[in-house]
Amino acid sequence: MQAKDSAPSETWSERIRAFASGPKPIGFFLFLLIAVTIIPAIGVSVVLLQRNNEAQREVVSTLAEAMAGSIAEAVDRELSGMSTTLRVLSTTPSLASGDLKDFYDRARLALAGSGSYLRVLDENYRLLINTGVPFGEPLTPLNEPETARAALKGGVTITSGVFFGKLHGKWSFKVVKPYFPENGPPRILVMTRNADTLVDVLSQQMLRGGWNASVVDKNNIVVASSFMSSDVGKMFFLNLDGTGIQHEAEPAEGREGGTYTAIIGESGVSGWKAVVWASTKTIEEPMRHSLRMLLAGGLLVIAIGAFAAWLLGRQIAGPVRRLARDARRLGAGEPVHAIEYPIAEVATVSSALAEAALDREQAENEIRLLMREVAHRSKNQLTVVSSMAKQTARSSRTFAGFQDAFQKRLHGLARSTDLLIAGGAAGVELRELLAAQVDPFRPDSAERLKMTGPKFRLANQPAQTVGLAVHELATNASKYGAFSTSTGRLEISWKVKDDILTLTWREHVSKGRRRNVRRRGFGTEIIERMVGGTLDAEISRVFHRDGLECVFRIPVDRLVPDSLKNPSPTDEVD
């Protein structure tokens, strides 16, 4: 019984070891191809989504800061308006003369429809008039007289915090202004206003995405709130000890507990605070939802890819086996030297076709390699020549000018091509490339051209691009710069540091000739599009008073041949 039970397990283990060590079906590799394509894409998408979310949060925080500042300014305007009204009313002659009935009528008329009412106190803080009740009726004592005492003592206008007004049964606040007549005792003008009138200030702001706004006084008591009207008169649920920081909040009625983001704007008139706040969970919910959707979509794509890999593997394996049978018939009777490929089906084809196709395959591979190389170089040359022709025609005004400029650029391209052919796969020496492009334009005096830098070898394609750019700079130097005068000098230097090749083109002229820097010609296209775009170069051009300075900073891995390691900046020569 034990022998019978152990036999299946040994068979499965042998199958697993054989699968792990032997050739794999093509469907397995198709599935790996799909997996290594999709999974990194999902990872990159997650990173980009996270960065996009951070950028959006910065934008939202900036908008919240602007909103808090706008609310604070609106509150200041309201309070300044009340203060201005008190100042105007204090100039009423009837107040100075003591005609309280006339002053009552004027003040009541001035405050009609504003939601505010005025009280006048004597120097002992006793009420003289109250526009909230008919003139002559008994007056109730003033709520919260501390603000009136502070205003009279300091001689300045003061804004109180929020308090519950017994007269109208609503939460209110007041602005207190002392009045000192020339003759007679001082008076205190108190303008009281219902706190719910400030809700209009908050409703004017476009609060979306879970953001709310509140106005709190100096004691952190809510004066107005866009979240719940019942919050007015209560202590604000966040401890406002900073601006633009996250606070931990305890759960409250109608409000989630956890972390909140609060942006605070300070009122310069009253010392109140305009707070724009939102739950961090609410702010981050769009990011979490997008992440869930991305992961779900990625899993779905992987599942579909696995099914497609299995289906394609079955479709490919049958024709490969049929091809193997045909190849065996073709090569019957000849020795076979099979090559073990990691794909089982391809290894079968190799075993069947090895003897019959070995010599022909080697010859065809050599011919195909040469043809690809010729086609690749020809296409590159044709593309460069076509671009040169278009850009030269675009920047030339006459056919003669086009012919001359195009011919010179072809000669420059030909010089670079000669170096490419001479260097072969090893590439081109940078100093030789620079000399080949500059020599046709340089003056006879050797002192007017100086090139310094370490040995550095370029791959074929980057050498062609750099050669075209140097040709354009040399052409411009002969027209406008160092070679256009009898005393101009050109210094070309390069160095390699931190895997960056820095190539500096510096012209020196005794009298600077002003160039049209806005005009974009073929040279600018070469420098910015081909060198900057193709080679990921950072390019800076500065027109000094004594000549042009152009600096190229190019990653070394975009320049060197594949067969060479990163060069070191040694053996510098002049």
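Numbering (the working numbering), first residue to last: -19 to 554. Note that CB positions come from ideal geometry on N, CA and C, so glycine has one too. All values derive from a computational prediction rather than experimental measurement.
| query | Are the beta-carbon atoms belonging to K435 and E471 less than 8 Å from one another? | reply | Mapped onto the sequence shown, residue 435 falls at position 455. Mapped onto the sequence shown, residue 471 falls at position 491. No, Cβ-Cβ distance for K435 and E471 is not below 8 Å.
| field | Burial state of D197, where buried means 16 or more other Cβ atoms lie within 10 Å | value | What you label residue 197 is simply residue 217 of the sequence shown in a count that begins at 1. Burial is judged here by how many other beta carbons sit within 10 angstroms of a residue's own beta carbon; D197 has at least 16 and is buried.
| query | Should K154 be labelled buried (16 or more other beta-carbon atoms within 10 Å of its own) or exposed? | reply | Taking the first residue of the sequence shown as position 1, residue 154 is located at position 174. Its Cβ being crowded by 16 or more others within 10 Å, K154 is buried.
| When the distance is taken between beta carbons, is L59 closer than 8 Å to S250? | Counted from its first residue, the sequence shown places residue 250 at position 270. Counted from its first residue, the sequence shown places residue 59 at position 79. One thing to note: S250 has its Cβ within 8 Å of the Cβ of L59.
| task | Answer yes or no: do L89 and I168 have a C-beta to C-beta separation smaller than 8 Å? | result | Indexing the sequence shown from 1 puts residue 89 at position 109. Indexing the sequence shown from 1 puts residue 168 at position 188. No.
| field | The alpha helix (DSSP H) enclosing P73, as first and last residue numbers | value | One-based indexing of the sequence shown puts residue 73 at position 93. DSSP places P73 inside the alpha helix (DSSP H), whose first and last residues are P73 to S77.
| request: Would you check whether the ligand GTP has a heavy atom nearer than 7 Å to the C-beta of P20? | output: Absent from the structure shown: the ligand GTP. Ligands present: none.
| task | Report, in whole angstroms, the separation of the C-beta atoms of I18 and V281, which I expect to be a contact under 8 Å. | result | Reading the sequence shown from its first residue, position 38 is the one you call residue 18. Reading the sequence shown from its first residue, position 301 is the one you call residue 281. Here I18 really is in contact with V281; their C-beta atoms are around 6 Å apart, less than 8 Å.
| Can you list, in chain order, the residues of its chain whose CB lies under 6 Å from that of I109, leaving out five sequence neighbours each side? | Counting from 1 along the sequence shown, the entry for residue 109 is found at position 129. L80, Y84 and V100, listed in sequence order.
| said: I'd like to know whether the C-beta atoms of K157 and T137 end up nearer to each other than 8 Å. | reply: Translated into the one-based positions of the sequence shown, residue 157 becomes position 177. Translated into the one-based positions of the sequence shown, residue 137 becomes position 157. For K157 and T137, yes; Cβs fall inside 8 Å.
| 8 Å CB neighbourhood of W257 in its chain, flanking five on each side removed | Position 277 of the sequence shown, counting from 1, holds the residue named residue 257. Only W191, N192, A193, S194, L218, Y240, T241, A242 and I243 meet the Cβ criterion.
| field | Whole-angstrom distance between S473 and L13, CA atom to CA atom | value | As a working note, residue 13 is residue 33 in the sequence shown. As a working note, residue 473 is residue 493 in the sequence shown. Answer to the nearest angstrom: the Cα atoms are 46 Å apart.
| task | Have a look at the DSSP bridge pairing and note the partners of L153. | result | On the sequence shown, position 173 is the one that residue 153 refers to. It is Phe, not Leu, that sits at residue 153 in the sequence shown. The partner list for F153 (beta bridge, DSSP) reads R173.
| query | Taking the DSSP output, what are the residues bridged to H556? | reply | In the structure as shown, the chain begins at -19 and stops at 554. Residue 556 is therefore absent and cannot be evaluated.
| said: Using only the alpha-carbon positions, how far apart do T432 and R469 sit? | reply: Counting from 1 along the sequence shown, the entry for residue 432 is found at position 452. Counting from 1 along the sequence shown, the entry for residue 469 is found at position 489. Between T432 and R469, the C-alpha separation is close to 14 Å.
| message | Here's the rule: buried if 16 or more other CB atoms are within 10 angstroms of the residue's CB, otherwise exposed. What is M215? | response | Translated into positions along the sequence shown, residue 215 becomes position 235. Counting Cβ neighbours within 10 Å, M215 comes out exposed, since fewer than 16 surround it.
| Through-space distance from R538 to N440, alpha-carbon basis | Residue 440 sits at position 460 when you count from the first residue of the sequence shown. Residue 538 sits at position 558 when you count from the first residue of the sequence shown. Distance between the alpha carbons of N440 and R538 is about 11 Å.
| Rounded C-alpha distance that separates N200 from V522 | Your numbering for residue 200 matches position 220 in the sequence shown. Your numbering for residue 522 matches position 542 in the sequence shown. Spanning the two alpha carbons is a distance of roughly 57 Å.
| field | Cβ-based burial, M47 [other Cβ within 10 Å; buried from 16] | value | In the sequence shown, the residue the question calls residue 47 occupies position 67. M47 counts as buried, since at least 16 other C-beta atoms from the protein chains shown sit within 10 angstroms of its C-beta.
| request: Take S77 as the anchor and find which of V540, E162 and F144 has the nearest alpha-carbon. | output: Reading the sequence shown from its first residue, position 97 is the one you call residue 77. Cα-wise, what sits closest to S77 is E162.
| query | By Cβ distance below 6 Å, which residues in the same chain neighbour R533 in space, the five residues on each side in sequence not counted? | reply | By one-based count along the sequence shown, residue 533 stands at place 553. Excluding residues within five positions, the ones whose Cβ falls inside 6 Å are I480, T482 and E518.
| For K477, the first and last residue of its enclosing beta strand (DSSP E) | Position 497 of the sequence shown holds residue 477. Element bounds for K477: R469 to K477.
| In whole angstroms, what is the alpha-carbon distance linking V24 and L271? | Locating residue 24 in the sequence shown gives position 44, where the first residue counts as 1. Locating residue 271 in the sequence shown gives position 291, where the first residue counts as 1. Their backbone Cα atoms lie some 12 Å apart in a straight line.
| Between L98 and M171, is the Cβ-Cβ spacing less than 8 Å? | Residue mapping note: residue 98 aligns to position 118 of the sequence shown, counting from 1. Residue mapping note: residue 171 aligns to position 191 of the sequence shown, counting from 1. Yes, the pair counts as a contact, with Cβ atoms nearer than the cut-off.
| message | Per DSSP, what are the beta-bridge partners of M431 in this structure? | response | Position 451 of the sequence shown, counting from 1, holds the residue named residue 431. Partner(s): I472.
| request: Take S74 and list the residues in its own chain whose beta-carbon comes closer than 6 Å to its own, dropping the five residues that flank it on each side. | output: Here residue 74 is taken as the residue at index 94 of the sequence shown, counted from 1. Setting aside the 5 residues that flank it on each side, S74 is surrounded in the same chain by D82 and F83, each with a C-beta closer than 6 Å to its C-beta; the list follows chain order.
| request: Helix, strand or coil for L349, going by three-state DSSP, please let me know. | output: Along the sequence shown, read from residue 1 onward, the residue named residue 349 stands at position 369. Legend: pLDDT at L349 = 40, less than 50; position of this residue unreliable, value from coordinates given subsequently. L349: helix per DSSP, three-state reduction.
| Per DSSP, R538 forms a beta bridge with which residues? | Residue numbering aside, residue 538 sits at position 558 when the sequence shown is read from its first letter. DSSP, once it has assigned bridges, lists no residue as partnering R538.
| field | When N123, F9, R57 and T127 are compared against F144, the one with the closest alpha-carbon | value | Locating residue 144 in the sequence shown gives position 164, where the first residue counts as 1. For the set N123, F9, R57 and T127, the Cα lying nearest the Cα of F144 is the one of N123.
| Where does T(-9) fall in DSSP's three states? | For the purposes of this step, residue -9 is taken as residue 11 along the sequence shown, with counting starting at 1. It is helical.
| query | DSSP state of Y159, grouped into three classes? | reply | As a position in the sequence shown, residue 159 is number 179, starting the count at 1. In the three-state scheme derived from DSSP, where H, G and I count as helix and E and B as strand, Y159 is classed as strand.
| Leaving out five residues before and five after G224 in sequence, what residues of the same chain have Cβ atoms less than 6 Å from its Cβ? | Within the sequence shown, numbered from 1, the residue matching residue 224 stands at position 244. For G224, the predicted structure reports a pLDDT of 48, less than 50, and the residue's modelled location is therefore unreliable. A value from the coordinates is still provided. I243.
| Got a sec? Which residues, its chain only, sit under 6 Å from T72 by beta carbon, not counting five neighbours each side? | As a working note, residue 72 is residue 92 in the sequence shown. The answer, listed in chain order, is F83 and R86.
| query | Is the CB-CB distance between W252 and V212 below 8 Å? | reply | Counting from one through the sequence shown, the residue named residue 252 turns up at place 272. Counting from one through the sequence shown, the residue named residue 212 turns up at place 232. Taking 8 Å as the Cβ cut-off, W252 and V212 do not qualify as a contacting pair.
| query | Roughly how many angstroms lie between the CA atoms of Y556 and G95, to the nearest whole one? | reply | With the chain represented from -19 up to 554, any question about residue 556 goes unanswered, as that position is not in the structure.
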